[in-house]
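Peer 1:
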Amino acid sequence: MKDKTIASFSTLSDLSLTHEQHAHEAGLSLEEYDRIKRLLGRVPSKVELGIIGAMWSEHCSYKSSRAHLSKLPVSGPQVLVGPGENAGAIDIGDGLAIVFKIESHNHPSFIEPFQGAATGVGGILRDIFTMGARPFALANLLRFGKPSQKRVPFLLNGVVGGIASYGNCFGVPTVMSNVDFHESYDGNNLVNAFAIGVVQKEDIFFGRASGVKNRVLYVGAKTGRDGIMGAVMASDTFMEDAKSKRPTVQVGDPFIEKLLLEACLLAFKEKLVVGVQDMGAAGLTCSIFEMANRASTGLAINLDHVPLRDETMTAYDIMLSESQERMLMVVAPKDVARLKQIFEHFGLDCADIGHVSGDGIVRIHHKGHDVVELSATLIIENAPRYRRSYISEIPALRQSIKDGVNVDVATAVESFKNDLGQKDLTYITSQFDHHIGLATIVGPNVADAVLIKVPNSRKAVALSLVSHGKLCKIHAMEGARRLIFQAALEVSTQGAEPVGITNCLNFGSPENVPVMTDLKHAIDGMAQAATSLSVPVVSGNVSLYNETKGQPILPTLAICLVGLADTPSCYTKFSRAKENHRLVLLGELPDDYTGAEAVIDELPSGMSPKPWDGDFILCMAAILRRGVLDDLIDCASVVGRGGLLLSLIKIMAGSGLGADLDLASICPRDELSLALLSEDAPRVLLAMSEDKFAALAKLCENLVPINALGRLHGDEFAIKHQGQIIFSEQKNVLIANFATSLEEYLASH
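Next up, the structure:
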């Protein structure tokens with residue numbers, strides 16, 4: 000029983016020493032509290048325990064995943080900055096680099112959807128311009144529970160509104176949304192935000208507190224009480240009403256952030272900054288300790304000089320607040336005056352709050368007292384590293400389920416009316432301005448990958464953002480491999496060469512053996528696929544404990560793959576498919592229904608999807624790029640969720656045309672539904688002019704199978720086999736079933 004004579008952690012004064020019963024409130028286990036005392040050789044104060052609780056949280060320390068993440072390929076000839084900094088950076092030539100990252104803001108967006116999602120966008124933007132880069136595109140991956148849940152429309156509208164408000168006001172286009180619904184997200188919706196920017200490669204800045212006697216400056220907005228201990232909240236499951244956690248959600252202001260961007264970029268341009276870090280998760284705590292640790296230095300900080308919205312805030316409040324639009328900068332003493340002048344010009348606070356020391360100790364002073372004395376290296380490098388239990392065996396048995404499934408073509412088409420139908424995301428994407436800056440060449444919903452011109456460059460980047468929780472639940476390793484392979488093919492359909500990956504691992508509690516098993520195998524699969532394609536993983540995020548009352552979400556690995564296009568004028572769009580264009584299938588043919596959502600929801604025990612071959616994907620991607628750059632291919636859809644049928648419907652919806660297909664060249668008559676629904680083989684459906692088919696076939700010769708299936712024509716969708724009509728329906732009827740408006744979809748469930 001708890002000793003009632005011991006005050007609650009929240010009621011302790013800053014200078015009070017803590018007790019093991021305070022550990023849980025700080026997000027720590029009793030074992031971790033004992034570890035802290037051993038490392039320090041003493042009992043920590045309240046402020047120190049709060050700092051360590053935040054820095055040792057799963058959200059900040061990756062204590063359950065770090066051992067496995069080390070398997071990922073993170074280097075390459077174009078990699079300028081890999082994992083460990085605010086974002087990854089890739090050399091794109093001409094003296095430029097692209098800087099990009101994806102991060103989660105899941106828990107805050109469930110508690111307070113508008114502000115949770117908005118500040119997720121603000122945080123990822125700061126990760127980019129902290130590196131010295133100007134952001135030029137945003138994207139997001141969103142997951143919500145069953146539409147029948149009355150809270151889902153509220154969450155969706157709040158999240159979308161928050162993303163739209165922040166991105167549009169800040170002035171960066173939101174070019175892509177990946178949205179899906181599943182009951183596993185009923186109590187934990189997901190909000191993953193991606194951003195990309197451009198910088199002169201010699202002007203990249205790092206989060207390091209270098210140079211003894213250099214000054215430490217706080218810049219940006221004032222500190223308030225919002226978001227205190229948000230990192231700890233994000234590292235816990237939901238067991239009760241989420242409303243009680245609202246004080247841990249931050250509040251953002253995109254107009255302040257825009258001013259902060261311009262002030263920072265001007266300071267960078269004038270070479271005034273030695274090191275800089277965003278005050279994101281854990282706020283001032285994270286920036287102070289991570290910057291000191293990276294540079295192996297110490298810091299002397301006086302919190303009396305921190306600009307506050309509430310003068311009654313304690314040292315604990317100030318250190319753990321996650322108020323938005325703030326940065327920590329290290330500056331040479333001679334440049335302090337000029338830096339203050341810049342930030343004051345933009346109406347922002349700029350306060351000298353301390354200096355860099357050489358002894359490796361972070362000392363924090365507040366109102367006449369030394370409230371913290373901790374070694375940055377000791378706290379960060381000695382954070383726990385857990386080897387959570389998992390099942391090492393990988394399901395390897397492939398047993399055919401083809402003979403046990405009997406789905407006719409009419410039933411296959413019918414399956415797309417509800418959950419498999421591609422939701423018309425216009426309701427969402429119309430709220431995002433994807434043309435800010437006039438750099439978007441191929442925007443949302445008109446191709447598998449978007450294409451954006453890199454500002455001040457002759458080049459463009461293609462982005463693919465993919466996830467498939469159901470497949471990763473069936474087989475996490477192969478699910479992760481396929482996501483990277485799919486993304487590589489998608490950016491190749493825009494004539495772009497894959498150059499870098501950022502990822503977000505959204506999973507349940509790692510203390511749950513099945514969850515940890517999926518997490519470990521997903522990382523292994525990601526490492527295998529990225530290595531086989533020679534595409535480095537340069538940044539990412541891990542979001543665990545996404546579960547409510549012991550029910551985890553689907554293992555949701557979000558992959559954003561960035562491709563570099565040297566010829567932005569060459570690209571594909573669904574709308575570029577024209578009357579009498581030939582429909583061509585590139586790639587292998589399936590031999591089973593493995594993973595086909597239209598047929599099965601879960602595979603039999605021990606069932607494993609057919610592994611895709613990395614060398615074949617490389618070859619296929621190269622042919623796609625050559626076909627696009629040689630102006631052979633007008634339209635392309637990578638066959639993934641929903642199989643060939645969904646790719647067909649996407650192209651028909653985009654082009655406004657029907658399709659006349661004869662599938663005799665790819666399957667016998669009794670396997671038509673297999674050819675249409677299976678997701679078991681890497682394939683891409685193309686639309687192209689009749690007179691260009693021979694040139695593409697020559698590129699594919701002896702390398703990748705290629706089959707002509709029919710043509711786009713008229714208003715009817717017809718599937719034939721050796722000339723005999725097996726199924727037909729008016730194109731408009733089929734597309735209406737496929738592209739249900741999101742409002743109608745939510746209302747009908």
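Each residue of the sequence shown is one higher than the one before, starting from 0 at the first, in numbering that gives the first Met the number 0.
Every residue, glycine too, gets a C-beta built ideally from N, C-alpha and C.
Per DSSP, residue 556 is paired with what?
Peer 2: 504
Peer 1: Which partner residues of residue 458 appear in the DSSP bridge assignment?
Peer 2: BP columns for residue 458 are empty, so no partner.
Peer 1: Rounded to a whole number of angstroms, what is the C-alpha to C-alpha distance between residue 653 and residue 45?
Peer 2: Rounded to the nearest angstrom, the two C-alpha atoms are 59 angstroms apart.
Peer 1: Could you tell me which residues DSSP puts in a beta bridge with residue 706?
Peer 2: 584
Peer 1: Mapping the DSSP letters down to three states, classify residue 719 as helix, strand or coil.
Peer 2: In the structure shown, the three-state DSSP call for residue 719 is strand.
Peer 1: Answer yes or no: do residue 208 and residue 326 have a C-beta to C-beta separation smaller than 8 angstroms?
Peer 2: no
Peer 1: Roughly how many angstroms lie between the CA atoms of residue 245 and residue 175, to the nearest whole one?
Peer 2: Confidence in residue 245 is poor, its pLDDT being 43 and thus under 50, which makes the residue's placement unreliable; the coordinate value appears in the next sentence. Taking the straight line joining both Cα atoms gives about 29 angstroms.
Peer 1: Considering residue 317, what are the terminal residues of the alpha helix (DSSP H) in which it resides?
Peer 2: 314 to 319
Peer 1: Check residue 493 in the structure and name its three-state DSSP category.
Peer 2: Three-state DSSP puts residue 493 in coil, outside helix and strand.
Peer 1: Between residue 19 and the rest of its own chain, which residues show a CB-CB distance below 7 angstroms, the 5 nearest in sequence each way excluded?
Peer 2: Only 29, 32 meet the Cβ criterion.
Peer 1: Classify residue 489 as buried or exposed, calling it buried when 16 or more other Cβ atoms lie within 10 Å of its own Cβ.
Peer 2: The residue in question, residue 489, is buried, as its Cβ has 16 or more Cβ neighbours within 10 Å.
Peer 1: If I measure Cβ to Cβ from residue 255 and keep anything under 6 angstroms in the same chain, skipping five residues before and after, which residues do I get?
Peer 2: 220, 324
Peer 1: Going by DSSP, which residues form a beta bridge with residue 274?
Peer 2: DSSP output for residue 274 lists 329 as bridge partner(s).
Peer 1: On the DSSP letters alone, give me the boundaries of the alpha helix (DSSP H) that residue 157 sits inside.
Peer 2: 150 to 169
Peer 1: Quick check: residue 218 and residue 133, are their CB atoms within less than 8 angstroms of each other?
Peer 2: no
Peer 1: Measuring only the C-alpha atoms, how far is residue 455 from residue 171?
Peer 2: Using only the alpha carbons, I get a separation of about 15 angstroms.
Peer 1: So what's residue 646 in DSSP terms, helix, strand or just coil?
Peer 2: helix
Peer 1: Please determine, among 627, 484, 592, the residue with the shortest C-alpha to C-alpha distance to residue 527.
Peer 2: Looking at the Cα atoms, 484 is the closest of the given residues.
Peer 1: Among 580, 264, 463, whose alpha-carbon lies nearest the alpha-carbon of residue 345?
Peer 2: The shortest C-alpha separation from residue 345 is found at 264.
Peer 1: Under the three-state reduction of DSSP, which class applies to residue 230: helix, strand or coil?
Peer 2: Any answer about residue 230 is weak, because its pLDDT of 46 lies below 50 and its placement is not dependable; what the coordinates show is given next. Here residue 230 sits in helix by DSSP.
Peer 1: Which partner residues of residue 97 appear in the DSSP bridge assignment?
Peer 2: 89, 197
Peer 1: Name the two residues that bound the continuous alpha helix (DSSP H) containing residue 33.
Peer 2: 29 to 39
Peer 1: Would you check if there are 3 or more beta carbon pairs closer than 8 angstroms linking the stretch 544 to 553 to the stretch 563 to 575?
Peer 2: no
Peer 1: Could you pull the start and end residues of the alpha helix (DSSP H) that residue 426 belongs to?
Peer 2: 425 to 428
Peer 1: Tell me which residue opens and which closes the beta strand (DSSP E) that residue 299 is part of.
Peer 2: Looking at the DSSP string, the run of the beta strand (DSSP E) that includes residue 299 is 297 to 301.
Peer 1: Under a three-way DSSP split, which group does residue 349 fall into?
Peer 2: Of the three classes helix, strand and coil, the one that applies to residue 349 here is strand, per DSSP.
Peer 1: Exposed or buried, what is residue 452 when buried is set at 16 or more other beta-carbons lying within 10 Å of its beta-carbon?
Peer 2: buried
Peer 1: From what residue to what residue does the beta strand (DSSP E) around residue 687 run?
Peer 2: 682 to 687
Peer 1: Taking all protein chains shown into account, do 16 or more other C-beta atoms lie within 10 angstroms of the C-beta of residue 505, making it buried, or fewer, making it exposed?
Peer 2: Buried, by the Cβ-count rule.
Peer 1: Between 276, 663, 280, 523, which lies nearest to residue 227 when the distance is taken from Cα to Cα?
Peer 2: 280
Peer 1: Within the continuous alpha helix (DSSP H) that includes residue 255, where are the two ends?
Peer 2: 253 to 268
Peer 1: Quick one, which of 713, 195, 272 has its alpha-carbon nearest residue 202's?
Peer 2: 272
Peer 1: Thinking residue 513 and residue 587 are a contact (beta carbons under 8 angstroms), I'd like their distance in whole angstroms, please.
Peer 2: Actually they do not touch by this definition, with Cβ atoms about 31 angstroms apart.
Peer 1: Using DSSP's beta-bridge definition, name the partner residues of residue 381.
Peer 2: Answer is none; residue 381 lacks a bridge partner.
Peer 1: Leaving aside the five residues before and after residue 9 along the sequence, list all residues of the same chain whose C-beta is less than 7 angstroms from its C-beta, in chain order.
Peer 2: 24
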